[in-house]
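**Q**
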Ligand code: AVJ
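Residue numbers (our numbering): 13 to 338.
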């Protein structure tokens with residue numbers, strides 16, 4: 013089943029599945045039920061997210077691409093600092109579509125740096141490496157597959173150069189506000205004087221614009237959510253009936269919380285790894301938060317986690333911002 017992988021890799025795989033099983037059973041055993049959106053990204057989920065990014069209504073990608081196409085000079089200027097060599101660590105690198113503009117610019121300017129993409133999906137990392145080796149041959153790449161903080165520790169162990177951390181795409185929005193503050197504080201603790209954090213935030217805007225990005229009539233986002241149930245079926249010997257769950261999206265313009273749920277359409281029992289999970293009719297599984305921010309929310313986050321804001325780069329519509337913190 014595991015082909016020619018080493019025993020060590022097999023251990024890692026079974027450990028990963030073990031953790032997945034444990035977390036799913038715990039999250040579905042509680043009330044309210046939830047699942048963690050970090051598990052969306054198996055190879056089918058990666059592909060569905062690529063389809064989401066290509067949707068007209070999913071404005072986030074184009075907005076941040078606008079920033080990376082037109083304001084890369086500014087980003088490069090700030091992170092180059094005093095020309096000290098650095099490692100550019102990207103959290104949740106995905107296909108590196110946006111960051112590749114920055115990578116190319118730094119290579120063209122002969123900047124001394126290496127690129128360390130971190131992602132939970134080994135599948136997307138191998139695609140990324142193949143593509144970047146072809147398109148930017150002189151780029152030094154070290155792929156790190158795993159959870160963010162464990163991999164940052166690994167990056168620090170591998171190289172003593174100063175660090176610039178990229179966290180794009182409003183991935184920070186996948187955390188509840190308190191968790192985001194905790195996350196930024198931990199990141200701040202791991203970094204040193206002279207290090208930088210470049211982070212993307214989706215901004216509060218007309219509520220309908222936001223809802224349209226996540227409640228698409230084509231049903232791709234629904235499929236993206238339902239794929240996690242399918243993944244649990246595939247990997248944890250479960251028997252979710254995908255026709256008995258429906259995607260439901262909300263956006264609260266006061267808090268900026270954009271949340272997705274899967275609603276159980278009937279009273280039903282699902283078996284996961286020999287354990288029975290009961291669902292009431294209309295019971296929700298809370299799937300994902302995609303938090304939206306005001307400029308003030310962002311300043312507050314920097315302040316509470318100990319970072320000093322250096323610069324803010326907006327897209328032409330002012331719908332999205334990439335901030336540079338020191
Ligand atoms: C990858 C976390 C930025 O929250 O906008 C897209 C994921 N979920 N559509 C987001 C997602 C539904 C996306 N992030």
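Ideal Cβ positions, reconstructed from N, Cα and C, are used throughout, including at glycine.
Predicted, not measured: the structure shown is a model, and the values here were computed from it.
For residue 282 and residue 234, which I take to be in contact (beta-carbon distance under 8 angstroms), what is that distance rounded to the nearest angstrom?
**A** Their Cβ separation, rounded to whole angstroms, is 19 angstroms, which puts residue 282 and residue 234 out of contact at 8 angstroms.
**Q** Is residue 258 a contact residue of the ligand AVJ, with contact defined as CB to any heavy atom under 7 angstroms?
**A** Because no heavy atom of the ligand AVJ lies under 7 angstroms away, the Cβ of residue 258 does not count as near it: no.
**Q** Is residue 195 a contact residue of the ligand AVJ, with contact defined as CB to any heavy atom under 7 angstroms?
**A** For the ligand AVJ, not one heavy atom lies less than 7 angstroms from the Cβ of residue 195.
**Q** Suppose contacts are defined by Cβ-Cβ distances below 8 angstroms. Is residue 153 in contact with residue 144 by that definition?
**A** Their beta carbons are under 8 angstroms apart, which means residue 153 touches residue 144 by this criterion.
**Q** Please classify residue 176 as buried or exposed, where buried requires at least 16 other C-beta atoms within 10 Å of its C-beta.
**A** Its Cβ being crowded by 16 or more others within 10 Å, residue 176 is buried.
**Q** The beta strand (DSSP E) with residue 287 in it runs from where to where?
**A** Residue 287 -> beta strand (DSSP E) spans 287-291.
**Q** Verify whether the separation of the beta carbon atoms of residue 254 and residue 241 is less than 8 angstroms.
**A** Contact: yes.
**Q** Tell me where the alpha helix (DSSP H) around residue 119 begins and ends.
**A** Start and end: 111-120.
**Q** Cβ of residue 64 within 7 angstroms of any heavy atom in the ligand AVJ?
**A** Yes, the beta carbon of residue 64 sits closer than 7 angstroms to at least one heavy atom of the ligand AVJ.
**Q** On the criterion of 16 or more Cβ atoms from any shown chain inside 10 Å, does residue 97 qualify as buried, or is it exposed?
**A** It counts as exposed.
**Q** Among all the DSSP beta bridges, which residues are the ones paired with residue 262?
**A** For residue 262, which the question treats as bridged, DSSP gives the partners 271.
**Q** Quick check on residue 15: buried or exposed, where buried means 16 or more other Cβ atoms within 10 Å of its Cβ?
**A** Residue placement at residue 15 cannot be trusted, given a pLDDT of 44 that sits under 50; what the coordinates show is reported in the next sentence. Burial call: exposed.
**Q** Going by DSSP in three states, residue 205 sits in which element: helix, strand or coil?
**A** Of the three classes helix, strand and coil, the one that applies to residue 205 here is coil, per DSSP.
**Q** Between residue 1 and residue 213, which are expected to be in contact by the criterion C-beta below 8 angstroms, what is the C-beta distance as a whole number of angstroms?
**A** The requested residue 1 does not occur in the structure, where the chain is confined to residues 13 to 338.
**Q** Tell me whether residue 38 is buried or exposed, calling it buried when 16 or more other Cβ atoms sit within 10 Å of its Cβ.
**A** Flag for residue 38 reads exposed.
**Q** On the DSSP letters alone, give me the boundaries of the alpha helix (DSSP H) that residue 219 sits inside.
**A** Taken as a continuous stretch (DSSP letters only), the alpha helix (DSSP H) holding residue 219 covers 219-226.
**Q** When you compare only the Cα positions, how much space is there between residue 102 and residue 26?
**A** Computed Cα separation, rounded: 26 angstroms.
**Q** Quick one: residues in its chain with C-beta nearer than 7 angstroms to the C-beta of residue 322, no 5 flanking neighbours on either side, listed in chain order?
**A** Closer than 7 angstroms at Cβ, skipping near neighbours: 90, 336, 337, 338.
**Q** Is residue 231 near the ligand AVJ, with its Cβ less than 7 angstroms from a heavy atom?
**A** Not so, every heavy atom of the ligand AVJ lies at least 7 angstroms from the Cβ.
**Q** Where in the region 64-143 do unbroken runs of the alpha helix (DSSP H), each at least 4 residues long, occur, reported from the N-terminal end onward?
**A** Taking only runs of at least 4 residues, the alpha helix (DSSP H) segments lying wholly in the region 64-143 are 71-82, 84-92, 111-120.
**Q** With DSSP as the reference, please indicate the residues paired to residue 326 in a beta bridge.
**A** In the DSSP output, where bridge partners are listed per residue, residue 326 has 333.
**Q** By DSSP's criteria, residue 257 is part of a beta bridge. Which residues make up the other side?
**A** In DSSP, residue 257 forms a bridge with 276.
**Q** Expressed to the nearest angstrom, what Euclidean distance is found between the alpha-carbon atoms of residue 312 and residue 294?
**A** When rounded, the distance between both Cα atoms is 37 angstroms.
**Q** Using only CA atoms, which one of 141, 180, 320, 221 lies nearest to residue 262?
**A** Closest option to residue 262, Cα to Cα, is 221.
**Q** Using a Cβ-Cβ cutoff of less than 7 angstroms, which residues in the same chain neighbour residue 131 once the five nearest sequence positions on both sides are dropped?
**A** Taken in chain order, the residues that qualify are 104, 105, 106, 137, 157.
**Q** If we count the other Cβ atoms within 10 Å of its Cβ and call it buried at 16 or more, is residue 205 buried or exposed?
**A** By the neighbour-count rule (16 or more Cβ atoms within 10 Å), residue 205 is not buried but exposed.
**Q** Mapping the DSSP letters down to three states, classify residue 281 as helix, strand or coil.
**A** Strand at residue 281.
**Q** My output table needs one value for residue 304: the three-state DSSP class, helix, strand or coil.
**A** Three-state DSSP puts residue 304 in coil, outside helix and strand.
**Q** Name the one or two DSSP bridge partners that residue 298 has.
**A** DSSP, once it has assigned bridges, lists 46, 273 as partnering residue 298.
**Q** For residue 32, collect the residues of the same chain with a Cβ closer than 8 angstroms to its Cβ; drop the 5 residues on either side in sequence, then sort them by chain order.
**A** 51, 247, 248, listed in sequence order.
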